[in-house]
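J.: For reference, the structure I am asking about is given below.
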Amino acid sequence: MDLSAINWAVLVASLMVAATPILLAALGELVVEKAGVLNLGVEGMMILGAICGFAVAVETGSPLVGFFGAAAGGALLALVFAVLTQVLLSNQVATGLALTLFGLGISALLGQGYVGIKPPKTEKLDFGPLSDLPVVGTILFNHDYMIYFSLALVAAVWWFLRYSRGGLILRAVGENHEAAHALGYKVVVIRFAAIAFGGACAGLGGAYLSLVRVPQWTEGMTAGAGWIALAIVVFASWRAFGVLLGAYLFGGVTVLQLNLQAAGVAVPVEYLSMSPYLITILVLVIMSADRSRAALGAPASLGRSFHASN
Amino acid sequence: MIHLVKRPQPSRAWSYATPVLAVLMTMVAGGAMFAALGKDPVEVIRTIFWDPLFGEFAFYFRGQLLVKAAPLILIAVGLSLGFKAGIWNIGAEGQYILGAICGAAVGLAFYPMEARWLIFPLMIIAGALGGWAWAMIPAILKTRFNTNEILVSLLLVYVAEQLLAKMALGALRNPDGAGFPGSRNLSQYASASNPELIAGSGMHWGVVAALIAVIFGYVLFARHMWGFQIRLTGESPRAARFGGVKPTRLVIFCLGVSGALAGLAGLFEVAGPAGQISIDFNVGYGFTAIIVAFLGRLHPVGILLAGLLMALTYIGGEAAASNLGLPSAAIQAFQGMLLFFLLAVDVLTNYSLRFGKGEVA
Amino acid sequence: MKRRTLIAAAAALAMGGSAFAAGHEPLKVGFIYVGPIGDGGWTYEHDKGRLAVEAEFGDKVETVYQENVPEGADAERAMTQMALQGADLIFTTSFGYMDPTINVAAKFPDVKFEHATGYKRADNVSTYSARFYEGRAVQGIIAGHMTKTNKIGYIASFPIPEVIRGINSAYIHAKKVNPDVEFSIVWAFTWFDPAKEADAATALIEQGADVILQHTDSTAPQAAAESAGNVITFGQASDMSEYAPMPRVSSIIDDWAPYYIARTKAVMDGTWASVDTWDGIGAGMVGIGEISDAVPADVKAEAEALRDAIADGSYQPFTGPINKQDGSVWLAEGETADDGTLAGMDFYVEGLTGDIPQ
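Residue numbers (our numbering), protein chains in the order written: chain A, 1 to 310; chain B, 1 to 361; chain C, 1 to 358.
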């Protein structure tokens, strides 16, 4: 009936869980786009990661090994995209969409033997008495290792893009691949690495769904999360902490609308279901209306093919 | 070492040969996959590519090919305008839904009045307007606030899906439907239906509209100022601006046309083959059309052929799934492969292969 | 040329499967599924029914199926293609296939069609559905006894009569054994989205629900309940026994096998006729999954007694006095609901809070 039924600390903790798959996938895509490549196949790489991670975890009994398997699966599919777009110079938008189609199909084939199985449990990290702290303990010290990994990855990507030499080269490739090439950087190699990283992250995001958040394997279980990840990269103006903010905001609105319903707040449900998307658009508009900021983020070579010999 | 050298001009011969090559390569790779699944690869490939066209029941499937291809072509022609100019409408699925909702709403508002000359044309206008209006949201946000149109159009797909569910359960629900979701069946309401024009042919007004759209697209690019401006903007935005192209108007035009065509596709589908507004009315034509647009190299005639090829893999794939007990996932993976190969060999059109040591790696 | 082929087409369509259907062996039975057979819920159970038909008749039947068939034009094509290929009996297993089934059936008068959960019939189209609300009554009894917080969470899919019946039935019976019980209903607006279902279950649990009922198909809510600890759930569509004995304490199982076998047999024997079947626990179409040891023996006994009473027809879950949510009388003392009202149920019973989304 009233909002007091909602435990806000618990809500924050569960929005972190809800947001982590898209956070991981969006971080990967951020690096890919910073290298000047637009890979719309995030959904396909996520779902392949979801089944690879699930299958490996079930076979080995270890979720950790499962996550490695997921990263490998996602990266492998991403390499198909890399070969097509970087070597064979195919259109990135179309190739990305084809990647999604292929990923959805192949994951369903691989997953046929894994329906109705429970994966090994990914344990929460043990922080001892810290976990029992009110509010802070619930929000900060009561998660599985992938949540902390994803947060560490945000910081790592931020540092890499901003301060490291590798990040500088990556950005240079994304801004102006001809100039980067003229300076002697191997544009195609760098982009291959970025695309593979993006695939691995998407795979991890998918596996977080199938191993922790849901946890089970079912066909099509990503249900559009990959597309949201793509939206969040632009929403973030191509900044790592913006991705974090975007993913948590989206996860937050999703979880909040379910909580409002559960609390019996009389808001029309169907509008609540639309709200995560509408609010994302609204924030997108507000951020992009500030032209100076929006213009900073987008890599200038985004989506354009690069061919070295001319 | 093999390396690529850009052709001064795209090779005409290769542009015809590459699709054939890609289909052949897909047959080999896909055949291997089907064999791995324990099916006879030759039989599967024949079921997908041959039977719908020339098999025992081809008389039925040829018509279905048109039914399946029409919305893809209609939407893809519209999208190709924007894509050429670097305006990315990824949300045709949402515009398709809105076209269907608006068109169906107009038709249902008149129920049970019989006046086909009035109602059906009004529905067509409403369908086009619905799709157009939904596309105007990203267009206006783009021109006013510089908001990225890829994302807004994409996010609006999800909003449109929620709206569709709401309409199927609420305002447009069939009052005689015993409380079940879904509207009245428009194909059973003569004034609002989009029937087959010749029985068994699969030919309906949506197919006609798709053909008109192809011609319209062709004329636009070949003869019209707008077509020239679109091409120029895509190739060199700076030159276009100096050449007097107004980017704002171009964004509004391209998104508007693609939205209206997607809306039309939705209207013709809901009044004809689908028959009613239901929660799961949309089946992904808006997304598949993006692929069709690129497979057709953003050229209206290419899109026509690509749409038919795509429809063939759907229809043949369904037949293979049902007759040979293949999982539908295998068909999806097969379609993905076909697209990969089509995109991969396309390189031969624009580049030639040189063997031996190149001076630039 | 066009014209000739078209005439041939029309003729062949009109003749339909008659060339094939006349008492040949083996009998070909087709199934159209709305989801993948690996969804672990709705379609999975229909496919189990198909496999049961194969097991029952062996060489005398051949079954074909097509999964992931969207409702609308694609469904019509899938059915036509099965009929053209000589299917004698086709089960179309989703509500949205209703008009396509009727359309295709009109073109193939000699092929028998069976449409699940719809209300339109024809000479060669039967309809069948299950009284899942009977199972909900049993769940309600268990839920009412087991809840300690008196708060029961309900993950609903879409606001359609089938779902509303389930909510009402569960609520009436939970209230009967525990007058303090409250229902929190979350509309997910999806049949199947594991991530969203998990989030919905988590939200309900966080707000104090210790029993979760679901009308969506994935096991995600079960997993959420398991990790929360002291929360119980019920399997939906499938037994979901991998989550027994806790959190899953029982389940509603869709068991289509007896019906599919009977209908296939009827076609073989030439006794098939168009009927409208709405079976429940009694006929075995709705199964109550094993009530686990997490439920105290007396509660289990009470639930099983209710199940048996519903099965033998001595008790109807919607028996008055029952008022509607607004307080007006729906059923007087001893009155039972008629099938027409149940089929179109669009209101909550008294005591439930919130509005049904419109």
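Virtual Cβ for every residue (Gly too), placed ideally from N, Cα, C.
Mind checking who T127 of chain C pairs with in its DSSP beta bridge?
T.: Here residue 127 of chain C is taken as the residue at index 127 of the third sequence, counted from 1. In DSSP, T127 of chain C forms a bridge with C:H115, C:D276.
J.: What do you get for I212 of chain B, buried or exposed, if any count of 16 or more other CB atoms within 10 angstroms of its CB means buried?
T.: The residue given as residue 212 of chain B occupies position 212 in the second sequence. By the 10 Å Cβ count, I212 of chain B comes out exposed.
J.: Along chain B, which residues have their Cβ under 9 angstroms away from the Cβ of R165 of chain C?
T.: Within the third sequence, the letter at position 165 stands for residue 165 of chain C. The contacting residues do not exist; R165 of chain C stays about 10 angstroms from chain B at best.
J.: So, at 6 angstroms on beta carbons, what are the nonlocal neighbours of K120 of chain C in its own chain, with the 5 sequence-adjacent residues on each side left out?
T.: Here residue 120 of chain C refers to the residue found at position 120 of the third sequence. M98, I102.
J.: Determine the burial state of Q81 of chain C: buried for a count of at least 16 other Cβ atoms within 10 Å of its Cβ, exposed for fewer.
T.: In the third sequence, residue 81 of chain C corresponds to position 81, counting from 1. The residue in question, Q81 of chain C, is buried, as its Cβ has 16 or more Cβ neighbours within 10 Å.
J.: Comparing the C-beta of G264 of chain A with each C-beta of chain C, is any distance below 8 angstroms?
T.: For this step, residue 264 of chain A is matched to residue 264 along the first sequence. By this cut-off, G264 of chain A is an interface position.
J.: Could you tell me whether the Cβ of A165 of chain B comes closer than 8 angstroms to any Cβ of chain A?
T.: The count along the second sequence starts at 1 and reaches residue 165 of chain B at position 165. Interface residue, yes.
J.: From the DSSP output, read off the bridge partner residues of S250 of chain C.
T.: Counting from 1 along the third sequence, the entry for residue 250 of chain C is found at position 250. DSSP lists C:F234 as partners of S250 of chain C.
J.: Buried or exposed, going by whether 16 or more other CB atoms sit within 10 Å of the CB of P296 of chain C?
T.: The sequence position of residue 296 of chain C within the third sequence is 296, counting from 1. Under this definition P296 of chain C is an exposed residue.
J.: With a threshold of 7 angstroms on Cβ separation, who are the neighbours of H46 of chain C within its own chain once the five nearest residues in sequence on each side are excluded?
T.: Working through the third sequence from its first residue, we reach residue 46 of chain C at position 46. Once the five neighbours on either side are set aside, the close Cβ partners of H46 of chain C are F31, Y33, T93, W256.
J.: Excluding sequence positions up to five away, which residues of its chain have a Cβ less than 7 angstroms from the Cβ of A21 of chain C?
T.: Within the third sequence, residue 21 of chain C is the residue found at index 21, counting from 1. Note on A21 of chain C: pLDDT 43, under 50, position unreliable in the model; the coordinate value appears next. So the list reads D88, D110, V111, once near-sequence residues are dropped.
J.: Could you please tell me which residues of the region 101 to 116 of chain B, in chain order, have their CB closer than 9 angstroms to any CB of chain A?
T.: none
J.: Among B:G325, B:L295, B:L255, which residue has its Cα nearest to the Cα of Q335 of chain B?
T.: For the purposes of this step, residue 335 of chain B is taken as residue 335 along the second sequence, with counting starting at 1. Among B:G325, B:L295, B:L255, the Cα nearest to that of Q335 of chain B is on B:L295.
J.: For the region 77 to 87 of chain A and the region 284 to 299 of chain B, state whether three or more C-beta atom pairs, one from each stretch, are separated by less than 8 angstroms.
T.: no
J.: Roughly how many angstroms lie between the CA atoms of D236 of chain C and L37 of chain B, to the nearest whole one?
T.: The sequence position of residue 236 of chain C within the third sequence is 236, counting from 1. The sequence position of residue 37 of chain B within the second sequence is 37, counting from 1. It should be pointed out that residue 236 of chain C corresponds to Gln in this sequence rather than to Asp. For Q236 of chain C and L37 of chain B, the distance between alpha carbons rounds to 31 angstroms.
J.: Cutting at 8 angstroms between CB atoms, please list the residues of its own chain near P112 of chain B, excluding the five before and the five after it.
T.: On the second sequence, position 112 is the one that residue 112 of chain B refers to. Y189.
J.: Report yes if the CB atom of L230 of chain A is closer than 8 angstroms to the CB atom of L40 of chain A, and no otherwise.
T.: As a position in the first sequence, residue 230 of chain A is number 230, starting the count at 1. As a position in the first sequence, residue 40 of chain A is number 40, starting the count at 1. Taking 8 angstroms as the cut-off, the Cβ atoms of L230 of chain A and L40 of chain A count as close.
J.: Could you please tell me which residues of the region 167 to 200 of chain C, in chain order, have their CB closer than 7 angstroms to any CB of chain A?
T.: Within the region 167 to 200 of chain C, the qualifying residues are S184, V186, W187, F189, D193, P194, A195, A198, D199, A200.
J.: Could you have a look at H327 of chain A and say whether DSSP puts it in helix, strand or coil?
T.: Only positions 1 to 310 of chain A appear in the structure, and residue 327 of chain A is not among them; the question remains open.
J.: For S193 of chain B, which three-state DSSP category applies?
T.: The residue you call residue 193 of chain B lines up with position 193 of the second sequence. Note: S193 of chain B maps to coil in three-state DSSP.
J.: What span of residues does the alpha helix (DSSP H) with G251 of chain A cover, start to end?
T.: Residue numbering aside, residue 251 of chain A sits at position 251 when the first sequence is read from its first letter. First-last of the alpha helix (DSSP H) with G251 of chain A: 240 to 262.
J.: Hey, is A262 of chain C's beta-carbon within less than 8 angstroms of any beta-carbon in chain A?
T.: Along the third sequence, read from residue 1 onward, the residue named residue 262 of chain C stands at position 262. A262 of chain C does not count as touching chain A.
J.: Of all the residues that make up the region 225 to 258 of chain B, which are near chain C by a beta-carbon distance shorter than 9 angstroms?
T.: For the region 225 to 258 of chain B, no residue has a beta-carbon sitting nearer than 9 angstroms to a beta-carbon of chain C.
J.: I need the DSSP call for T60 of chain A, collapsed to helix, strand or coil.
T.: Within the first sequence, residue 60 of chain A is the residue found at index 60, counting from 1. In this structure, T60 of chain A counts as helix in the three-state DSSP scheme.
J.: Taking the alpha carbon of G118 of chain C as the reference point, which residue from C:D276, C:I152, C:V186, C:I164 has its own alpha carbon closest?
T.: Taking the third sequence and counting its residues from 1, the one referred to as residue 118 of chain C is at position 118. Per the Cα distances, C:D276.
J.: Nearest to I228 of chain A by alpha carbon, out of A:V154, A:I190, A:L24, A:H143?
T.: Taking the first sequence and counting its residues from 1, the one referred to as residue 228 of chain A is at position 228. Selected option, being the one with the closest Cα: A:L24.
J.: For H115 of chain C and L353 of chain B, what's the separation of their Cα atoms in angstroms?
T.: Taking the first residue of the third sequence as position 1, residue 115 of chain C is located at position 115. Taking the first residue of the second sequence as position 1, residue 353 of chain B is located at position 353. Using only the alpha carbons, I get a separation of about 57 angstroms.
J.: Any residues in the region 76 to 89 of chain C with a beta carbon nearer than 8 angstroms to a beta carbon of chain B? Which ones, in chain order?
T.: E76, R77, A78, T80, Q81, M82, L84, Q85
J.: Name the one or two DSSP bridge partners that K48 of chain C has.
T.: Taking the third sequence and counting its residues from 1, one reaches residue 48 of chain C at position 48. In the DSSP output, where bridge partners are listed per residue, K48 of chain C has none listed.
J.: Report the neighbours of Q358 of chain C on chain B: residues whose CB is nearer than 8 angstroms to its CB, in chain order.
T.: For the purposes of this step, residue 358 of chain C is taken as the residue at position 358 of the third sequence. Neighbours of Q358 of chain C across chain B, judged by C-beta separation under 8 angstroms: L169, G170.
J.: I want to verify the contact list: residues of chain C whose CB lies under 7 angstroms from the CB of K118 of chain A, in sequence order.
T.: Translated into the one-based positions of the first sequence, residue 118 of chain A becomes position 118. Simply E242.
J.: Applying a beta-carbon distance threshold of less than 9 angstroms, which residues of chain C neighbour G206 of chain A?
T.: Counted from its first residue, the first sequence places residue 206 of chain A at position 206. The contacting residues do not exist; G206 of chain A stays about 11 angstroms from chain C at best.
J.: Against chain A, with Cβ distances strictly below 8 angstroms, would V301 of chain B count as a contact?
T.: Against the second sequence, residue 301 of chain B aligns to sequence position 301. So no, V301 of chain B is outside the interface.
J.: CB-CB under 7 angstroms to A52 of chain C, same chain, minus the five flanking residues each way: which ones, in chain order?
T.: Translated into the one-based positions of the third sequence, residue 52 of chain C becomes position 52. Closer than 7 angstroms at the Cβ level, and outside the excluded window around A52 of chain C, lie A257, Y260, I261.
J.: Give every residue of the same chain whose Cβ lies closer than 6 angstroms to the Cβ of L21 of chain B, excluding the five residues on either side of it in the sequence, and list them in chain order.
T.: Taking the first residue of the second sequence as position 1, residue 21 of chain B is located at position 21. Excluding positions up to five away in sequence, the list reads V345.
J.: Which residues bound the beta strand (DSSP E) around L4 of chain B?
T.: Translated into positions along the second sequence, residue 4 of chain B becomes position 4. Looking at the DSSP string, the run of the beta strand (DSSP E) that includes L4 of chain B is 2 to 6.
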